[in-house]
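**Q** To start, I am sharing the structure in question, which I have written as structure tokens.
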Amino acid sequence: MAFQKAVKGTALIGGGAIATVFGLSQFSQYRNKHGTFVHVQAAEAVTVPIKNHFPTREEQILALQTTSEFDVLVIGGGATGCGCALDAVTRGLKTALLERDDFSSGTSSRSTKLIHGGVRYLQKAIMKLDFEQYKMVKEALEERANLLEIAPHLSAPLPIMLPVYKWWQVPYYWFGIKLYDMVAGSQCLKSSYFLSKSRALEHFPMLRKDKLVGAIVYYDGQHNDARMNLAIALTAARYGAATANYAEVLRLLKTRDPAGGKARVCGVRCRDVLTGQEFDVKAKCVINATGPFTDSVRKMDDQEVSNICQPSAGVHIVMPGYYSPDNMGLLDPATSDGRVIFFLPWEKMTIAGTTDSPTDVTSHPIPTEEDINFILNEVRNYLSVDVEVRRGDVLAAWSGIRPLVTDPNSKDTQSISRNHVVTISDSGLVTIAGGKWTTYRAMAQDTIDAAIQAHELKAGSSRTIGLQLQGAEEWSPTLYIRLVQDYGLESEVAQHLASTYGDKAFEVAKIAQVTGKRWPIVGKRLVSEFPYIEAEVVYGVKEYARTAVDMISRRTRLAFLNVQAAEEALPRIVDIMGKELNWSEQKKKEELEAAKKFLYYEMGYKVKSDQLADSSEITLVPSDIERYKKRFHMFDKDKKGFITILDVQRVLESINVQIAENTLHDILNEVDLNKNGQVELNEFLQLMSAIQKGHVSGSRLAVLMKTAEENLRQRVVISVDRSGGGL
1 MAFQKAVKGT
11 ALIGGGAIAT
21 VFGLSQFSQY
31 RNKHGTFVHV
41 QAAEAVTVPI
51 KNHFPTREEQ
61 ILALQTTSEF
71 DVLVIGGGAT
81 GCGCALDAVT
91 RGLKTALLER
101 DDFSSGTSSR
111 STKLIHGGVR
121 YLQKAIMKLD
131 FEQYKMVKEA
141 LEERANLLEI
151 APHLSAPLPI
161 MLPVYKWWQV
171 PYYWFGIKLY
181 DMVAGSQCLK
191 SSYFLSKSRA
201 LEHFPMLRKD
211 KLVGAIVYYD
221 GQHNDARMNL
231 AIALTAARYG
241 AATANYAEVL
251 RLLKTRDPAG
261 GKARVCGVRC
271 RDVLTGQEFD
281 VKAKCVINAT
291 GPFTDSVRKM
301 DDQEVSNICQ
311 PSAGVHIVMP
321 GYYSPDNMGL
331 LDPATSDGRV
341 IFFLPWEKMT
351 IAGTTDSPTD
361 VTSHPIPTEE
371 DINFILNEVR
381 NYLSVDVEVR
391 RGDVLAAWSG
401 IRPLVTDPNS
411 KDTQSISRNH
421 VVTISDSGLV
431 TIAGGKWTTY
441 RAMAQDTIDA
451 AIQAHELKAG
461 SSRTIGLQLQ
471 GAEEWSPTLY
481 IRLVQDYGLE
491 SEVAQHLAST
501 YGDKAFEVAK
511 IAQVTGKRWP
521 IVGKRLVSEF
531 PYIEAEVVYG
541 VKEYARTAVD
551 MISRRTRLAF
561 LNVQAAEEAL
571 PRIVDIMGKE
581 LNWSEQKKKE
591 ELEAAKKFLY
601 YEMGYKVKSD
611 QLADSSEITL
621 VPSDIERYKK
631 RFHMFDKDKK
641 GFITILDVQR
651 VLESINVQIA
661 ENTLHDILNE
671 VDLNKNGQVE
681 LNEFLQLMSA
691 IQKGHVSGSR
701 LAVLMKTAEE
711 NLRQRVVISV
721 DRSGGGL
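All residue numbers in the sequence shown are consecutive under UniProt numbering, ending with 727.
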């Protein structure tokens, strides 16, 4: 076994020498091609004027309906589709984009939040001497540098620790990571370095200590993926692209080529999902950039065409921030089944993932309990035994579908490259498939290049290298200080606005409501423990948000950070959106239910209920059962066998505590498994048993009842804020 490992190390070093030659030659080519100050090149090359504000959605729909013919029509509002629209419009092409849901509603908002070249892809490139994989890593590292430059408010370098538990792994991983730096060349964010065991534990104190030899730290980028996608879309709109979300393509339009008699795609029939109105959009070139749905659009063109995409599901979970340091990620390079797991700080929480397994294509992917537990088990392997990794600390969970390009010889999706492919059908439909988030810009450039050539469009080369995105132009790391000083925002809120909207944060601050307090002066929070404020909902409507789901998942990221907090914010969000969009009471009710359904199925809320139900076997010892029965009967004075909102209100009034009725309803609903409006004794005992086993944590009802019991004895006023528990 040791011999095999030694051979692996030798292979890596030998392969490293080969890849180094590749890297140096490719780096030289890159320098010659792009020069040193790419943002200057982009600024000089773009001749298309940019508007100060993006058009309203209604104006965009009107442009789609009244324009006689576009040069380019993009189907798909994910990162790649929006990238194509931005690339095309900045070349001077008349551009349109249609998205049947919201921008970034699919895969692009459900990533690992990394901007990276892919350490494991480089390893595969070396081990298999695969030049194509190597080129993909090289390209991704170049794009990583560009993305960090064009949207500094939404992205930043992140150090990632690779813990080492065997001495022979030190040179193995060290050479591999140093090669990663070398391939990046001058685009290397910061040089990687080795840490001793003691230094590694200083940086990552919750790391498992036994057998730890040391750690290697390298740098990649991290971003707010949904907001980045939206920034690309808004930038394209400001340059003049007619972009519309909730515009579904029903079928492709075709015309006969007079010269050859062939049928050629000349546009689409689409439907405004919000109004039901149907209309045609004509275009010289139609681009299919629909990610996992690539083949469904290709079959609109030709029913007999074979599939080129093989979807893969990746599940992520979010845990409280205390599971990781504020500014240090962790990479598990070899999990129990050969996958790679990242453990990263994100938005003051901790994100862990991902899995990689075949799946069916769906608009509503659902995280499974099996995948969640797989991630938790891998996390347990790397964290100290002092840190109890509890299932109940999962605050949110989601599944994203990667649109991988099919390799006919592949046995599973893990061996499929993330390379992208551009194809052009006989009828002229241009399809971009595969790839990864980081390389969206290069994918868009290749796609528009191919479209220009195939359709003989008049346009120059791509202008998007170094082209700053929405919010980046006047942003600086200290911008938030001006928000605090000029508007009286909380520092945490100001930092959040600056890192979300960049220089557009002032537009949000201007419409922030006065709090009526001494401090902060403006900025009413949607929920107490997150820095999202009500003004963001108003501004989100201007950013084309049209549903409550848009607001909780992509304009804000509440649904991805804590589903309970998102559910609490929903009534206020719906009220604000209702005023902005003139919703009826029935429409507001429908939006509320749709958003709760989204949280329940797609963001992991369902697994909370399932977890409590699956833990129905009460494993409490008799003394605990008696103790919890006494606590329950303090609320159930009439010995009904269940408690209602009225019972809880009566107890709270006796200790001078007031909680809004709708909040109490939410608190009881978390435990009410059969949804009959009351919590029965057996349900309460199931809850306490699940808490003891770590399946549930931070239940507000459990905290409230325990604190009320103590205060009935002591008669002290209590606080019942949520304690940070999860699913």
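Ideal Cβ positions, reconstructed from N, Cα and C, are used throughout, including at glycine.
Everything numeric in this text was worked out from a predicted model, so none of it was measured.
Quick one: what's got a C-beta closer than 6 angstroms to R463's C-beta in the same chain, skipping five residues either side?
**A** Counting only Cβ-Cβ distances below 6 angstroms, and skipping sequence neighbours, we find A42, A45, V46, T90.
**Q** When you compare the CB of D575 with every CB in chain B, is at least one pair closer than 8 angstroms?
**A** No chain B is part of this structure, which consists of one protein chain only.
**Q** Between the Cα of T80 and the Cα atoms of K510, E139, I232, D550, which residue gives the shortest distance?
**A** Taking only the C-alpha atoms, the option nearest T80 is I232.
**Q** Run through the region 288-359 for me and flag every whole beta strand (DSSP E) of 3 or more residues, listed as ranges in chain order.
**A** DSSP runs (the beta strand (DSSP E)) wholly in the region 288-359: 309-319, 329-332, 341-346, 349-353.
**Q** Considering only residues of the same chain and omitting the five flanking positions on each side of P333, which have a CB-CB separation below 8 angstroms?
**A** V119, R120, L162, Y173, V340, listed in sequence order.
**Q** Could you tell me which residues DSSP puts in a beta bridge with D280?
**A** Per DSSP, R269.
**Q** For D371 versus T355, is the C-beta spacing smaller than 8 angstroms?
**A** Yes; because the gap between Cβ atoms is below 8 angstroms, this pair is in contact.
**Q** Put A242 into one of helix, strand or coil per three-state DSSP.
**A** Here A242 sits in strand by DSSP.
**Q** Considering just the uninterrupted stretch of the beta strand (DSSP E) at H496, what are its terminal residues?
**A** Taken as a continuous stretch (DSSP letters only), H496 belongs to no beta strand (DSSP E), being part of the alpha helix (DSSP H) at 491-501.
**Q** Classify G240 as buried or exposed, calling it buried when 16 or more other Cβ atoms lie within 10 Å of its own Cβ.
**A** Per the 10 Å Cβ criterion, buried.
**Q** With 16 other CB atoms within 10 Å as the buried threshold, where does T644 fall?
**A** It counts as buried.
**Q** Checking the sheet assignment: what are the DSSP bridge partners for K606?
**A** DSSP, once it has assigned bridges, lists no residue as partnering K606.
**Q** Alpha carbon to alpha carbon, how far is C309 from L395? Give it in angstroms, no decimals.
**A** Looking at the two C-alpha atoms, the distance is approximately 32 angstroms.
**Q** Just the Cα atoms here: how many angstroms apart are L383 and M206?
**A** One C-alpha to the other measures close to 6 angstroms.
**Q** If I'm right that V541 touches L581 with Cβ under 8 angstroms, what's the distance once you round it to whole angstroms?
**A** With a Cβ gap of about 6 angstroms, V541 and L581 count as contacting.
**Q** Do I432 and M443 have their C-beta atoms within less than 8 angstroms of each other?
**A** Going by C-beta atoms, I432 is nearer than 8 angstroms to M443.
**Q** Bridge partners of T255, per DSSP?
**A** Its beta-bridge partners are R264.
**Q** Where does M634 fall in DSSP's three states?
**A** Note: M634 maps to helix in three-state DSSP.
**Q** Return helix, strand or coil for C285, following the three-state DSSP convention.
**A** C285: strand per DSSP, three-state reduction.
**Q** So is P49 buried or exposed if we call it buried at 16+ other beta carbons inside 10 Å?
**A** Answer is exposed; the Cβ neighbour count stays below 16.
**Q** Which residue from Q169, Y180, D302 puts its Cα closest to that of L141?
**A** Among Q169, Y180, D302, the Cα nearest to that of L141 is on Y180.
**Q** Sorted by chain position, which residues of the same chain lie with C-beta nearer than 8 angstroms to L344's C-beta, five sequence neighbours on each side aside?
**A** Cβ within range, chain order: T112, K113, L114, L158, I160, Q222, S324, G329, L330, T350, I351, A352.
**Q** Just confirm the distance between the C-beta atoms of L685 and L620, as a whole number of angstroms; I'd bet it's less than 8 angstroms.
**A** At roughly 7 angstroms, the Cβ-Cβ gap stays under 8 angstroms, so L685 and L620 are in contact.
**Q** Would you report the Cα separation of A156 and C188, rounded to the nearest angstrom?
**A** Approximately 13 angstroms, taken between the alpha carbons.
**Q** Would you call P520 buried or exposed, if buried means 16 or more other Cβ atoms sit within 10 Å of its Cβ?
**A** Burial call: buried.
**Q** Rounding to the nearest angstrom, what Cα-Cα distance links L712 and D624 in this structure?
**A** Rounded to whole angstroms, L712 to D624 spans 20 angstroms at the Cα level.
**Q** Would you mind sorting R227 into buried or exposed? The rule is 16 or more other CB atoms within 10 Å of its CB.
**A** Under this definition R227 is a buried residue.
**Q** The ligand NAP and V422: does the residue's C-beta get closer than 7 angstroms to at least one heavy atom of that ligand?
**A** The model depicted lacks the ligand NAP and carries no ligand whatsoever.
**Q** Less than 6 angstroms between C-beta atoms, sequence neighbours within five positions excluded: which residues of the same chain meet that for Q692?
**A** Excluding sequence neighbours, Q692 sits near nothing in its chain.
**Q** Measuring straight from C-alpha to C-alpha, what distance separates E202 and G214?
**A** Going from the Cα of E202 to the Cα of G214 covers about 11 angstroms.
**Q** Should K640 go down as buried or exposed, given a rule of 16 or more other Cβ atoms within 10 Å for buried?
**A** Exposed is the call here.
**Q** Output the distance between the C-alpha atoms of E661 and I481, rounded to the nearest integer angstrom.
**A** Distance between the alpha carbons of E661 and I481: 38 angstroms.
**Q** Can you tell me which of E529, Q513, L570 puts its alpha carbon nearest to the alpha carbon of L599?
**A** Closest by alpha carbon: L570.
**Q** Please classify Y193: does DSSP put it in a helix, a strand, or coil?
**A** Strand, per DSSP.
**Q** Suppose the cutoff is 8 angstroms on Cβ atoms and the five residues either side in sequence are ignored; what does the same chain contact list for Y628 look like?
**A** So the list reads L620, F684, L685, M688, once near-sequence residues are dropped.
**Q** Quick check for students: name the residue ranges of the alpha helix (DSSP H) that lie wholly in the region 145-191, counting only runs of 4 or more.
**A** Those alpha helix (DSSP H) runs which fall completely within the region 145-191 and span 4+ residues are 169-184.
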